[in-house]
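Protein chains in written order, with full-length UniProt numbering: chain A, 1 to 593; chain B, 1 to 247.
Glycine included, each C-beta is placed from N, C-alpha and C at the ideal position.
A short write-up of the structure that comes next.
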Amino acid sequence: MVRLLPLIVAVPLLGAALLVALGRHVRRAVAETAGCACAAGSAALAVGALVLTHGTAVTWAGDWRPHHGAGVGIVLVGDRVGLGLAALTSLLVVAVLAYSWRYFEEPPRGHAGAFPALVLLFQAGMCGFALTGDLFDAFVFFELMGAVGYALTGYRVEEPRPVQGALTFGFLNSLGGYASLLGIGLLYARTGELGMAQTGRRLDAAGGPDALVTGAFVLLVTGLLVKAAAVPFHFWLPDAHTVAPTPVSMLLSGVMVELGVYGVARVHTTVFAGPGGIPAAHFRRTLLVLGVASALTGAVMCWQQRHLKRLLAFSTVAHTGLFLTGLALMSDGATAGVCLYVLGHAGTKAALFAVTGILLDRYGSVDEHQLHGRGRGAWRLGLLFALGGLALAGLPPFGTALGKALVEEQADWLPLLFVPVSAVTGGAVLRVAAGVFLGAGPVPEERPGRQETAGDEEKPETGGLLRWLPAPMITVAVLLLAGALAVGTIPGLAEGTATAAAAFGDHAGYLAAVLDAHHSTPAAEGEWWTGPGVALGLLSAALAVALAVPAVRRLLPSGGWTGPLRRLHSGHVGDYVAWTVAGIGLLSALTWW
Amino acid sequence: MTGRVRRWALAAGLAGTAALMVAAGTGLPRFGGDQHPYGARAVAASLRQQTANTISSVNFDQRALDTLGEESILFGSVLGTVVLLRQTRDEHRVRPRPERVPAALRRYGAGLLPVTLLIGLYIVAHGQLSPGGGFQGGVVIATALHLLYVGADYRALERIRPLGLFELVDGSGEAAYVLLGGAGLLAGSAYLANVLPHGTFNTMASGGTVPLLNAAVGLEVASAVVVLLAHFLDQAIEITDNRKAHR
Numbered sequence: 001m002v003r004l005l006p007l008i009v010a011v012p013l014l015g016a017a018l019l020v021a022l023g024r025h026v027r028r029a030v031a032e033t034a035g036c037a038c039a040a041g042s043a044a045l046a047v048g049a050l051v052l053t054h055g056t057a058v059t060w061a062g063d064w065r066p067h068h069g070a071g072v073g074i075v076l077v078g079d080r081v082g083l084g085l086a087a088l089t090s091l092l093v094v095a096v097l098a099y100s101w102r103y104f105e106e107p108p109r110g111h112a113g114a115f116p117a118l119v120l121l122f123q124a125g126m127c128g129f130a131l132t133g134d135l136f137d138a139f140v141f142f143e144l145m146g147a148v149g150y151a152l153t154g155y156r157v158e159e160p161r162p163v164q165g166a167l168t169f170g171f172l173n174s175l176g177g178y179a180s181l182l183g184i185g186l187l188y189a190r191t192g193e194l195g196m197a198q199t200g201r202r203l204d205a206a207g208g209p210d211a212l213v214t215g216a217f218v219l220l221v222t223g224l225l226v227k228a229a230a231v232p233f234h235f236w237l238p239d240a241h242t243v244a245p246t247p248v249s250m251l252l253s254g255v256m257v258e259l260g261v262y263g264v265a266r267v268h269t270t271v272f273a274g275p276g277g278i279p280a281a282h283f284r285r286t287l288l289v290l291g292v293a294s295a296l297t298g299a300v301m302c303w304q305q306r307h308l309k310r311l312l313a314f315s316t317v318a319h320t321g322l323f324l325t326g327l328a329l330m331s332d333g334a335t336a337g338v339c340l341y342v343l344g345h346a347g348t349k350a351a352l353f354a355v356t357g358i359l360l361d362r363y364g365s366v367d368e369h370q371l372h373g374r375g376r377g378a379w380r381l382g383l384l385f386a387l388g389g390l391a392l393a394g395l396p397p398f399g400t401a402l403g404k405a406l407v408e409e410q411a412d413w414l415p416l417l418f419v420p421v422s423a424v425t426g427g428a429v430l431r432v433a434a435g436v437f438l439g440a441g442p443v444p445e446e447r448p449g450r451q452e453t454a455g456d457e458e459k460p461e462t463g464g465l466l467r468w469l470p471a472p473m474i475t476v477a478v479l480l481l482a483g484a485l486a487v488g489t490i491p492g493l494a495e496g497t498a499t500a501a502a503a504f505g506d507h508a509g510y511l512a513a514v515l516d517a518h519h520s521t522p523a524a525e526g527e528w529w530t531g532p533g534v535a536l537g538l539l540s541a542a543l544a545v546a547l548a549v550p551a552v553r554r555l556l557p558s559g560g561w562t563g564p565l566r567r568l569h570s571g572h573v574g575d576y577v578a579w580t581v582a583g584i585g586l587l588s589a590l591t592w593w
Numbered sequence: 001m002t003g004r005v006r007r008w009a010l011a012a013g014l015a016g017t018a019a020l021m022v023a024a025g026t027g028l029p030r031f032g033g034d035q036h037p038y039g040a041r042a043v044a045a046s047l048r049q050q051t052a053n054t055i056s057s058v059n060f061d062q063r064a065l066d067t068l069g070e071e072s073i074l075f076g077s078v079l080g081t082v083v084l085l086r087q088t089r090d091e092h093r094v095r096p097r098p099e100r101v102p103a104a105l106r107r108y109g110a111g112l113l114p115v116t117l118l119i120g121l122y123i124v125a126h127g128q129l130s131p132g133g134g135f136q137g138g139v140v141i142a143t144a145l146h147l148l149y150v151g152a153d154y155r156a157l158e159r160i161r162p163l164g165l166f167e168l169v170d171g172s173g174e175a176a177y178v179l180l181g182g183a184g185l186l187a188g189s190a191y192l193a194n195v196l197p198h199g200t201f202n203t204m205a206s207g208g209t210v211p212l213l214n215a216a217v218g219l220e221v222a223s224a225v226v227v228l229l230a231h232f233l234d235q236a237i238e239i240t241d242n243r244k245a246h247r
């Protein structure tokens with residue numbers, strides 16, 4: 001089974017190749033079925049590996065095992081967290097392909113399989129990134145998901161804004177990619193190694209860290225933090241997620257951004273967590289500053305949006321900030337909580353995007369003001385959307401709430417950040433749900449002179465407006481939300497996550513498993529719901545409702561003080577590049593000093 | 001954001017980054033050394049595998065998984081370009097007019113095309129022996145076909161460039177690499193293992209799977225570049241938006 005790990009990446013690649021080769025000769029239904037089958041095959045392999053292997057599954061591509069600690073090959077490491085992310089990615093891709101069944105008006109002429117092929121390549125890039133144990137190989141898969149991600153974002157070329165969003169996405173992620181490559185180059189020059197475990201071992205043998213190691217760390221994580229959309233590297237995310245086709249937004253927000261967070265943690269624990277790496281206090285400080293800043297920025301900006309997809313995009317920035325904060329604590333319990341949070345968030349956020357996509361295709365708008373009261377008949381959609389909002393706020397027993405509770409237990413001050421941030425992001429969704437589906441409150445008036453992204457210019461993605469709810473779309477949304485619920489209600493999952501997190505944070509254990517084939521399974525007790533955890537979850541859900549009700553009645557101030565923050569998100573690529581470079585400077589200062 | 005704020009943010013960031021890079025640079029090995037741990041291991045491994053071109057041994061044997069990813073990046077980028085440059089509803093296709101080409105240019109194209117094609121094939125086929133391989137040779141092959149556009153006109157290029165066929169080859173090249181990797185598993189070894197006999201050092205039949213993987217990449221790259229250029233040239237030459245067409 002372990003030797004089959006590379007197939008998780010190879011199967012979607014093969015599917016994409018066949019779809020391109022035969023795309024001219026097959027009908028659309030055949031192409032889409034084949035795409036779904038390949039994605040599902042890869043998902044089955046990942047889930048199978050997760051169930052059938054124990055501990056850390058290690059396989060060397062081309063059978064290039066190291067001898068006496070020295071080797072030339074690439075290693076794939078299917079530890080619990082890596083395999084879990086590969087499984088999550090693949091399952092989400094299957095859901096997205098099912099959701100986009102007959103979705104676009106017409107595929108490019110003669111390329112019936114172009115969209116599923118791009119999604120399969122995206123899946124291969126993400127799974128490869130999750131499984132690789134090699135720095136350069138991780139960069140290759142990082143670039144694969146980037147290149148395909150830009151094309152998917154700009155898919156609707158008929159309009160100028162998707163092209164603009166894709167361009168911004170491409171610029172910033174390429175800039176981050178170059179930084180990462182520079183960092184890998186520095187490490188390679190020092191150690192002569194590209195594998196994460198090998199590099200980590202050489203650094204540890206060389207003694208304490210110096211300026212080169214610090215520089216390599218800063219540059220390497222810059223690319224990953226751009227992907228993770230941490231403040232101040234986050235500017236591309238709202239612009240890209242807003243204009244990407246809805247199924248693509250589901251993947252970008254649901255799992256790609258989280259892979260950036262995973263990359264930061266993975267590279268840190270394997271390469272930089274030993275005695276030759278970055279001092280733990282410096283790493284903690286760096287991640288805490290960025291995490292808290294992202295959480296607050298994301299929450300404030302999320303509340304200010306009326307464009308539904310942009311609102312959800314900023315809520316992803318906020319939650320990514322919470323994930324980074326959790327990882328900054330560097331404890332197994334917090335990591336386990338973040339893992340559960342990511343799983344629950346993926347289902348919730350993808351479901352919310354799915355419902356938003358249905359709104360767009362049915363009413364031709366994703367603008368909160370224009371949609372006001374128009375969803376009155378669609379109570380099922382409204383229920384789904386409101387449940388998604390509550391899950392985002394952290395209502396038990398959703399997986400988001402369990403993950404949040406487990407992280408909050410780690411320190412007394414954490415609820416002060418986690419509760420308000422999740423309440424604001426959930427409250428924004430509830431506010432939209434009440435306005436759109438219940439028609440509650442007065443019809444919002446336009447605020448002249450205020451520059452904002454409305455959302456009334458978005459075009460339906462299905463050709464014409466839908467008159468009924470398409471079964472695949474609504475089914476996918478229900479299943480995704482059910483998945484988020486399952487994460488918080490299946491005890492086995494929490495236990496597995498605890499074991500996964502303990503192994504994930506074990507620097508020496510990872511090196512021994514990869515290089516010496518010495519496997520140890522650290523024992524870990526799975527945490528479960530506690531009284532305070534449930535209470536904090538209920539509190540943030542109640543707070544979300546308490547925010548949404550006066551907001552719908554227009555009793556809350558309009559938030560004019562956020563003007564400067566909103567103006568920073570100018571849509572100008574030059575601004576964003578300046579902030580990214582400033583971010584590298586900030587990271588250097590935080591890590592060095 | 002005003003230009004002033006932007007410049008300050010950029011300047012502060014650049015100063016910090018520059019300080020970091022300079023400090024990190026002081027820790028680098030001295031320039032011009034003749035020792036590198038990975039280099040020494042990679043050369044030894046490529047000699048064991050009877051592959052004269054160490055670069056090819058690294059790319060297609062020792063780190064063949066990277067190359068699968070890189071080939072897929074090119075494959076995905078070309079597919080993405082095809083999708084983004086597609087003819088949209090408000091666009092219109094006009095047939096290009098035949099062009100008159102000076103006789104000297106015509107002779108140049110006709111003379112150079114077969115030579116360039118041959119060189120491209122040579123570079124792909126000798127990837128295991130001498131500098132070159134599928135990526136480089138593939139680009140040369142694609143260039144050869146486009147000499148027809150220079151030496152004759154776009155209509156002539158379109159005649160020897162059936163896009164359906166090139167897309168078939170593009171996908172097949174990518175699929176072939178993935179499947180050759182699977183052959184390693186079927187032979188009882190690992191994915192992308194070099195399971196074929198390694199042959200005699202410095203002969204055409206050496207390197208095991210290296211020449212085969214090179215050929216797969218050569219097929220993919222040559223057709224991917226043809227497809228890529230075709231879509232850019234179509235946009236430049238054949239596709240206009242409807243407003244212009246009506247005028």
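Identification of residues in the segment 40 to 61 of chain A having a C-beta nearer than 8 Å to some C-beta of chain B yields T59, W60 and A61, given in sequence order. Residue pairing by DSSP places I239(B) opposite R93(B) in a beta bridge. Residue range V75 to G78 is occupied by the beta strand (DSSP E) that includes V77(A).
Restricted to the segment 294 to 347 of chain A, the alpha helix (DSSP H) segments that are unbroken, complete and at least 4 residues in length are 308 to 328, listed in chain order.
Listed along chain A, the residues sitting closer than 7 Å to S189(B) by beta-carbon distance are D63. Across the structure, W593(A) and L324(A) are spaced so that their CA atoms are roughly 20 Å apart.
In this structure, S72(B) keeps its C-beta atom at 9 Å or more from the C-beta atom of A117(A). Spatial neighbours of G15(A) in its own chain (CB-CB distance under 7 Å, excluding positions within 5 residues in sequence) are listed in chain order as A34, G35, C38 and L120.
Taking a contact as a CB-CB distance under 8 Å, the pair G173(B) and L219(B) counts as one, their CB atoms being some 4 Å apart. In this structure the segment 7 to 20 of chain B does not lie against the segment 28 to 47 of chain B, because fewer than three pairs of beta carbons, one per stretch, are closer than 8 Å.
Under DSSP, D361(A) forms no beta bridge with any residue. DSSP lists H307(A) as the bridge partner or partners of D367(A). Our two residues, A110(B) and A104(B), have alpha carbons roughly 10 Å apart in a direct line. The distance from the Cβ of F217(A) to that of T591(A) is about 6 Å, consistent with a contact at the 8 Å cut-off.
Counting only residues of its own chain and dropping the five nearest sequence neighbours on each side, A230(B) has a CB closer than 7 Å to the CB of R161 and L163. Residues of the segment 54 to 72 of chain B with a Cβ closer than 8 Å to any Cβ of chain A, in chain order: V58, D61, Q62, R63, A64, L65, D66, L68, G69, E70 and S72.
A70(A) carries a strand assignment under DSSP once its states are collapsed to helix, strand and coil.
Taking one beta carbon from each stretch, the segment 331 to 341 of chain A and the segment 487 to 507 of chain A have 3 or more pairs nearer than 8 Å; the two touch. The way I'd put it, the segment 87 to 101 of chain A does touch the segment 250 to 263 of chain A; three or more beta-carbon pairs between them come closer than 8 Å. Within chain B, G76 and G80 have C-beta atoms less than 7 Å from the C-beta of V148(A), given in sequence order. Residue-level contact check: R89(B) touches chain A, since one or more beta carbons of chain A fall below 9 Å from its beta carbon. Contacts with chain A at 9 Å (Cβ-Cβ) include N194(B). With respect to the 9 Å criterion, H319(A) and T242(A) are not classified as neighbours on the basis of their beta carbons.
Put simply, of T199(A), G223(A), A61(A) and V20(A) the residue whose alpha carbon is nearest the alpha carbon of V82(B) is V20(A).
Within chain B, not a single residue places a beta-carbon under 9 Å from that of Y262(A); the smallest gap is close to 18 Å. In chain order, L186, A189, R190 and L212 make up the part of chain A whose C-beta sits under 9 Å from the C-beta of L28(B). The distance from the Cβ of A350(A) to that of M473(A) is about 12 Å, inconsistent with a contact at the 8 Å cut-off. Remark: fewer than three beta-carbon pairs, one from each stretch, lie closer than 8 Å, so the segment 131 to 149 of chain B and the segment 183 to 195 of chain B are not flagged as touching.
At a Cβ-Cβ threshold of 9 Å, P6(A) and Y177(B) do not count as neighbours. With three or more CB-CB distances shorter than 8 Å, the segment 396 to 413 of chain A counts as touching the segment 528 to 536 of chain A.
For W592(A), there is no enclosing beta strand (DSSP E); the residue is found in the alpha helix (DSSP H) stretching over V573 to W592. Contact between the segment 476 to 491 of chain A and the segment 406 to 421 of chain A is absent: fewer than three C-beta pairs spanning the two stretches fall below 8 Å. A straight-line Cα-Cα distance of about 22 Å links L180(B) and T203(B).
Between the alpha carbons of T580(A) and L172(A) lies a distance of about 8 Å. Relative to the Cα of P209(A), the nearest Cα in the group T191(A), L85(A) and G223(A) belongs to T191(A). Using beta-carbon distances, S588(A) counts as an interface residue toward chain B, with a partner under 9 Å.
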